[in-house]
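Q:
Numbering (this note's numbering), first residue to last: 300 to 1188.
1) Taking only the alpha-carbon atoms, compute the straight-line gap between residue 476 and residue 463 and give it to the nearest angstrom.
2) Compute the Euclidean distance between the alpha carbons of residue 714 and residue 860, then round it to the nearest angstrom.
3) For residue 798, which three-state DSSP category applies?
4) Could you pull out every residue in the same chain whose Cβ sits closer than 7 Å to the Cβ of residue 978, ignoring the five residues on either side in sequence?
5) Do you know whose CA, among 610, 585, 966, 601, lies nearest residue 447's CA?
6) Can you tell me the Cβ-Cβ gap for residue 685 and residue 646, rounded? I've got them flagged as a contact below 8 Å.
7) If we ignore side chains and look at the alpha-carbon of each, how far apart do residue 555 and residue 508 end up?
8) Among 632, 582, 650, 641, which one has its Cα closest to the Cα of residue 1195?
9) Report the option in 347, 900, 609 whose CA atom is closest to the CA atom of residue 690.
10) Under a Cβ-count criterion, where at least 16 other Cβ atoms within 10 Å of its own Cβ denotes burial, should residue 1188 be classed as buried or exposed?
11) For residue 340, count neighbouring C-beta atoms within 10 Å of its own C-beta (all shown protein chains included) and say buried if the count is 16 or more, exposed if not.
12) For residue 1153, which beta-bridge partners are listed by DSSP?
13) Starting from residue 703 and walking both ways along the alpha helix (DSSP H), at which residues does that stretch end?
14) If you count every other CB in all the chains shown that lies within 10 Å of the CB of residue 435, and 16 or more means buried, which is it?
15) Please list the terminal residues of the continuous beta strand (DSSP E) segment that includes residue 991.
16) Express the C-alpha separation of residue 872 and residue 836 in angstroms, rounding to a whole number.
17) Count the other CB atoms, across all protein chains shown, that sit within 10 Å of the CB of residue 1073; report buried if there are 16 or more and exposed otherwise.
18) Using a 10 Å radius around the Cβ and a threshold of 16 neighbouring Cβ atoms, would you call residue 1001 buried or exposed?
19) Ordered along the chain, which non-local residues of its own chain (more than five positions away) have a Cβ less than 7 Å from that of residue 321?
20) Do residue 669 and residue 898 have their CB atoms nearer than 8 Å?
21) I need the straight-line Cα distance from residue 481 to residue 497, nearest angstrom please.
22) Rank 1142, 1114, 346, 877 by C-alpha distance to the C-alpha of residue 439 and give the top, closest one.
23) Assuming residue 960 and residue 449 are in contact, meaning their beta carbons sit under 8 Å apart, how far apart are those beta carbons, in whole angstroms?
24) Give a yes or no on whether the C-beta atoms belonging to residue 1110 and residue 1168 are separated by under 8 Å.
25) Tell me, to the nearest whole angstrom, how far the beta carbon of residue 643 is from that of residue 616; I am working on the premise that it is less than 8 Å.
26) By alpha-carbon positions, which one of 354, 387, 316, 831 ends up nearest to residue 336?
27) Alpha carbon to alpha carbon, what distance is there between residue 759 and residue 838?
28) Can you tell me the Cα-Cα spacing of residue 705 and residue 598, whole angstroms?
29) Starting from the Cα of residue 1174, find the closest Cα among 357, 762, 1091 and give me that residue.
30) Report the residue from 744, 310, 499 whose alpha carbon sits nearest the alpha carbon of residue 362.
31) Does DSSP classify residue 1102 as helix, strand or coil?
32) Cβ atoms of residue 674 and residue 654: under 8 Å apart, would you say?
33) In whole angstroms, give me the CA-to-CA distance for residue 744 and residue 876.
34) In chain order, what residues of the same chain have a beta carbon less than 7 Å from the beta carbon of residue 1071, not counting five sequence neighbours either side?
35) Verify whether the separation of the beta carbon atoms of residue 403 and residue 427 is less than 8 Å.
36) Evaluate residue 863 with the Cβ neighbour count: other Cβ atoms within 10 Å of its Cβ, from every protein chain shown; 16 or more gives buried, anything less gives exposed.
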């Protein structure tokens, strides 16, 4: 049974009939055949599509627990293997191959290029693990970018809803871009260029709307778009319309030529436009920081970036300075790539020298091939326009390989010298023992000498055995001639290792032995004295070697044998042991430095993943450790580990804090979202973004968490404002006790056909069947002659009728129905208030399906307003503000 079928059987009890469609959608997005689905791809489907579907009928904790259980079962069935080898890496790379400007993509492409050529070996396994880690980092970065794209879509939709009444090709273009971005987002694909163009176009349209200076062509029948201040009335400015002809054909026929006269705008309108420009510049600056993250640590770039961020924080527009920063970042990126390319060429030349015939017999070809593969990955990363981060580590590894190659060459040359010494010893032994060939000890020694290997220990043992053999032969044959005696003394002298400070004595002894006629007894005494002094010096050096090896924690081969030989009155040569200990110490130090270099690279990668949480201290500790490592010291990594642990804990705490704040904000918003009004409209894009963040909060990195926290901080004042509006509305309803007015004022249920109804974004759940309108007289209207119109504060966009009436008739404004109906309503309202409370009524609100009616008794007069429901809060504020002024009319 295939993995796809096992997955289907495991999910069917939880998803039911949706199991087949969800799995088919998952393999379609991954672009694989169901029968070839591997463990990595199955995990991707479980973490994205299945987890999202399970949340529709379970809590997030239950859905996560269920998915974790399925993941564990999958890994057990696959034998605990993670990843699917090269094929899984290829499949995962297809998901991110569109994002060419991401440095991780360039490096992953290089790794795949190497693995396709050499899919086996230890270096291939290491690169495969690195590729899997890069896939994880790319997935985290993509999820963070998708989270930001969710917010972009919400913001763009909110802007579109506010500006779509303008019409024209720009609006259609914005709508088309939003649709393209949504289609890409639905397949978890980034549409960076479309988002950039849509945001630029939306900012332009928002500035036009906020300027309150937008109009249709001269032959348009709808009024110009006017934006009024909430605090005081603003006189609408006549728009300027520039057209070449009254009508046009095709796409241009719906376009408007819009000109904004900034000098005629109020201070608040100019401030709103400035806020839009500031928001766009902040977004552009964040985009530049993400795109050129590799060069932000450079001194000049960091200084200019800090200055611009300070300017933005103070509310100053950057203008051309932002473009200049972009050019500076591009130059810095180009310079960094050039430096990396120069270092790559330098390493390539050193690798070429190691591959030359001069080093062919000494270099470690396996390590050389592994370094060549890593260098190829670095080249592919450079070709992708990114800066490789492992060039310094590569340089250290190349240096280590050069040192090892040099050591091998020196060992080979040393073996050649030892071979010459061994041949000389064989010739000397053949000459000295020629007359004793039939002796058993001589035959055994010559056999050993013929089979001896050229190393210091064997040569030293053979020389000592030769000396001992000569002494034994001398004892057996007391009547040896002077030549044999001298040969014995010479062999004994040559068997002694030459110690520092005794070179002259050793040379003098050998010279006197070779001199004919010298006193052999004196020479023998001299040899015994030299032997004793040599034994003492060797014992001291062996003791020093043992102490040093114990301090360094090194088990030195041959040291115990040398000490045992010294105890048996044989004198070993400590030079070979000293050279071996030095090599082991150097090898241990080089290995520790390589390990530390790898650890520092991993720490630096982890610090880059925690950007935004105060990683500067950790990066400083890593830089300091690298400097000490470059000086040949062994730095302490404990502070680095402690700081990294602190940052990880800080990230977890921040994620938990943001999750709690997010849940609290959504709960408070949902409790009052039925209020409607301008505050809910402003909150809607933020709430959509934060609702999407609930799902991705556990997977995003620090930048995503900080962005969600910033969104919560922006939305919280509006939620508090919504709660205050709710409290005010509830207090007003308690004062008015207007629940009984709906039955009394049913006269407004049947509105005349002339009253326009705004189109609803979604159809009502229980639509009211249309009722035939009664025969009514045309709506009355009185135009005020006074240019200081007292009803101007109530003539807002969305107010369908506003009028001031008296017992005798309509004083000013217009009514949506007959004056007699309105007068009857005010009379009934006064009677009802007297019966219920025994006092005059200050205000009454009647709720209709799409509108509200506000009736304000003003003594012998009354204010009548018919408006859209979202304007209720604003109109009530205006009524209280202008009540005294209207009563005096």
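All C-beta atoms in this analysis are idealised placements derived from N, C-alpha and C, irrespective of residue type, glycine included.
A: According to the data block:
1) 14 Å
2) Taking the straight line joining both Cα atoms gives about 22 Å.
3) coil
4) 1017, 1020, 1021, 1024
5) 585
6) The Cβ separation is near 17 Å, so there is no contact.
7) Residue placement at residue 555 is flagged as unreliable, the pLDDT there being 46, under the threshold of 50; a coordinate-derived value is accordingly withheld.
8) In the structure as shown, the chain starts at 300 and stops at 1188, and residue 1195 therefore has no counterpart that could be examined.
9) For the residues 347, 900, 609, the minimum Cα distance to residue 690 belongs to 900.
10) exposed
11) buried
12) Bridge partners of residue 1153: 1144, 1164.
13) Where residue 703 is concerned, the enclosing alpha helix (DSSP H) stretches over 690-731.
14) exposed
15) Here residue 991 belongs to no beta strand (DSSP E); instead the alpha helix (DSSP H) covers 977-995.
16) 10 Å
17) Confidence at residue 1073 is low in this model, with a pLDDT of 37, below 50, so the placement of that residue is unreliable and no value is reported for it.
18) Counting other Cβ atoms within 10 Å of its Cβ, residue 1001 reaches 16 or more and is therefore classed as buried.
19) 314, 348, 349, 352
20) no
21) In this structure, the alpha-carbon of residue 481 lies about 12 Å from that of residue 497.
22) 346
23) At roughly 18 Å, the Cβ-Cβ gap does not stay under 8 Å, so residue 960 and residue 449 are not in contact.
24) no
25) About 41 Å separates the beta carbons of residue 643 and residue 616, which is beyond the 8 Å limit, so they are not a contact pair.
26) 387
27) 16 Å
28) Cα to Cα, the separation comes out at about 39 Å.
29) 1091
30) 310
31) strand
32) no
33) 25 Å
34) Residue placement at residue 1071 cannot be trusted, given a pLDDT of 37 that sits under 50; the coordinates are not used to answer.
35) no
36) exposed
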